[in-house]
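Trainee: Please see the structure below; I have some questions.
Residue numbers (full-length UniProt numbering): 1 to 470.
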């Protein structure tokens, strides 16, 4: 019973659940803002009405998702003070700068331009209105960067000095925090993955309408756009993920070793990448595996004869550096989350490649299973991002701030397990209800489809972009 009411364990579960729930909305907001901006740009440049219809149609989905993301994001931040006060005290001076930039600059920029975009239809010039959605897109991407920069400090602390008297990290260089090598590598990887998420939603919604022979003139271009975006963003996600892997090996070699369940330091052919492995419950002994020789060496060092440090050697090094303790994350979590992240993303790209082939040169598939595969593939990139963040955060354990603050030392000292359990149950019920509401709103908006093509103005002959988004 005491283990079930452990404040540390329950606080970790609560933060993990609320963070993942909030993260459900972030990638779609970033990717859909970009999508809407592209469609509206196409309409302004070409004057083709179906681009205006797509702008307003996917704009509704974007706004629903954005509103829910704001609500859940605000609630998430309260946990820093409630359950993780010692962590907040330790990193507050460093985190204050990037989080202030995110809230006061990026989010306000995003919210202001979204307001202009919502209420500015036919009230501001067409090109200024277009600029507002691009401003919102830039704001959402900037917001993501500042959050990633704050998280990167937890992975690779830079730009700080320890105040021994106050027992906390204090900011010495905001430039170093914002140019952290982990942040510079993680940012493009995350953004391109966000584009994959929005592309999956576009593909699913378009396929649903096309499978019913509805809105063919608008949904077919949207489908092709989504498919091409998925393939391009998928390729860029792989390339940027490679760079993030190099930064991870340099700053957190234990995370790479845990991702491969590599216990002994290996070189060259011995540093192979296991596609699938079965081992003993403790993970130490391998029973069966499918391996690719040299691949782990190449991923870690970009050479085929590079050395990849193993868990045993790293544990010995960390014990010498930081004192007695277990510095190994939960191996099965890191091992499988790393593979699920890559596998789900690759399946999504593969489905899109098949979709491009079967819809080439104006073709329309007649097999219903083709459409069903397109519709039900929409969660794949989002699930890949979620397990990717699980890998990122769980692979850092037992550290909250790598090398500086352990997770067990960051929890609020005055919070009881029962208090956290009650709030965990309450958050789960509330968030579960919100998830149902969000899903139904988006499904309803998606099934409704784009509105009718607007009629040209009788005097000027131009298409009026009326406020039909919401």
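Glycine included, every Cβ here is placed at the ideal spot set by N, Cα and C.
Of the residues 20, 316 and 368, which one's Cα is nearest the Cα of residue 209?
Mentor: Answer by Cα proximity: 368.
Trainee: What first and last residue would you give for the alpha helix (DSSP H) that runs through residue 261?
Mentor: Here residue 261 belongs to no alpha helix (DSSP H), and DSSP marks it neither H nor E.
Trainee: For residue 161, report the span of its alpha helix (DSSP H) as first-last.
Mentor: Segment 160-163 is the beta strand (DSSP E) holding residue 161; no alpha helix (DSSP H) there.
Trainee: What does the alpha-carbon distance come out to for the pair residue 106 and residue 56?
Mentor: Between residue 106 and residue 56, the C-alpha separation is close to 24 Å.
Trainee: Could you tell me which of 177, 127, 116 and 25 sits nearest to residue 43, measuring between CA atoms?
Mentor: Comparing Cα positions, the closest option is 127.
Trainee: Within 10 angstroms of its Cβ, does residue 98 collect 16 or more other Cβ (buried), or is it exposed?
Mentor: Classification for residue 98: buried.
Trainee: Whole angstroms are fine: how far does the CA of residue 153 sit from the CA of residue 402?
Mentor: Spanning the two alpha carbons is a distance of roughly 8 Å.
Trainee: Quick check: what's the CA-CA separation for residue 165 versus residue 183?
Mentor: Each residue's Cα considered, the two are about 29 Å apart.
Trainee: What does the Cβ neighbour count give for residue 11, buried or exposed, with the cut at 16 atoms within 10 Å?
Mentor: Answer is buried; the Cβ neighbour count reaches 16.
Trainee: Select from 61, 207, 318 and 242 the residue whose C-alpha is nearest the C-alpha of residue 34.
Mentor: When only C-alpha atoms are compared, the closest one is 61.
Trainee: Tell whether a beta-carbon distance below 9 Å holds between residue 486 and residue 359.
Mentor: Here the chain covers residues 1 to 470 and nothing more, so residue 486 does not appear.
Trainee: What whole-angstrom Cβ distance do residue 69 and residue 109 have, given they're in contact under 8 Å?
Mentor: Actually they do not touch by this definition, with Cβ atoms about 16 Å apart.
Trainee: Do you know how far the Cα of residue 211 is from the Cα of residue 227?
Mentor: Roughly 16 Å separates the two Cα atoms.
Trainee: Under three-state DSSP, which class holds residue 273?
Mentor: In this structure, residue 273 counts as strand in the three-state DSSP scheme.
Trainee: What is the DSSP secondary structure of residue 267, counted as helix, strand or coil?
Mentor: Correct three-state label for residue 267: strand.
Trainee: Counting only runs of 3+ residues fully inside the segment 297-350, write out the beta strand (DSSP E) ranges in chain order.
Mentor: For the segment 297-350, not a single whole beta strand (DSSP E) run of length 3 or above is found.
Trainee: From the DSSP output, read off the bridge partner residues of residue 401.
Mentor: 405.
Trainee: Looking at residue 222: is its Cβ nearer than 9 Å to the Cβ of residue 54?
Mentor: Closer than 9 Å, so yes.
Trainee: So, under 8 Å CB-CB, residue 386 and residue 148 are touching, yes? Tell me the CB distance rounded to an integer number of Å.
Mentor: Rounded, the Cβ-Cβ distance is 16 Å, inconsistent with contact.
Trainee: Using the Cβ count rule (16 or more neighbours within 10 Å means buried), how would you classify residue 418?
Mentor: So residue 418 counts as exposed.
Trainee: Using the three-state DSSP reduction, which class does residue 45 fall into: helix, strand or coil?
Mentor: Helix, per DSSP.
Trainee: Since residue 171 is in the beta strand (DSSP E), which residue starts that stretch and which ends it?
Mentor: First-last of the beta strand (DSSP E) with residue 171: 168-171.
Trainee: Consult DSSP for residue 1 and reduce its assignment to one of helix, strand or coil.
Mentor: Note on residue 1: pLDDT 48, under 50, position unreliable in the model; the coordinate value appears next. Here residue 1 sits in coil by DSSP.
Trainee: Drop a sphere of 10 angstroms on the beta-carbon of residue 217, count the other beta-carbons inside from all chains shown, and report buried for 16 or more, exposed for fewer.
Mentor: Residue 217 comes out exposed.
Trainee: Residue range of the alpha helix (DSSP H) that residue 23 falls in?
Mentor: That run of the alpha helix (DSSP H) goes 7-23.
Trainee: Residue 322 to residue 337, Cα distance in whole Å?
Mentor: Near 27 Å, if we compare the C-alpha coordinates of residue 337 and residue 322.
Trainee: Applying the 10 Å Cβ sphere with the 16-neighbour rule, what's the burial state of residue 187?
Mentor: Classification of residue 187: buried, given that the 10 Å Cβ count is 16 or more.
Trainee: Output yes or no for whether 9 Å exceeds the beta carbon distance between residue 311 and residue 140.
Mentor: Not in contact: residue 311 and residue 140 (Cβ atoms no closer than 9 Å).
Trainee: Within 10 Å of its beta-carbon, does residue 362 have 16 or more other beta-carbons around it, so buried, or fewer, so exposed?
Mentor: That one is exposed.
Trainee: From what residue to what residue does the alpha helix (DSSP H) around residue 217 run?
Mentor: From DSSP, the alpha helix (DSSP H) with residue 217 extends over 216-251.
Trainee: Give the straight-line distance between the Cα atoms of residue 79 and residue 328, rounded to the nearest whole angstrom.
Mentor: For residue 79 and residue 328, the distance between alpha carbons rounds to 26 Å.
Trainee: CB-CB under 8 Å to residue 371, same chain, minus the five flanking residues each way: which ones, in chain order?
Mentor: Cβ neighbours of residue 371 beyond the five flanking positions: 207, 208, 210, 211 and 365.
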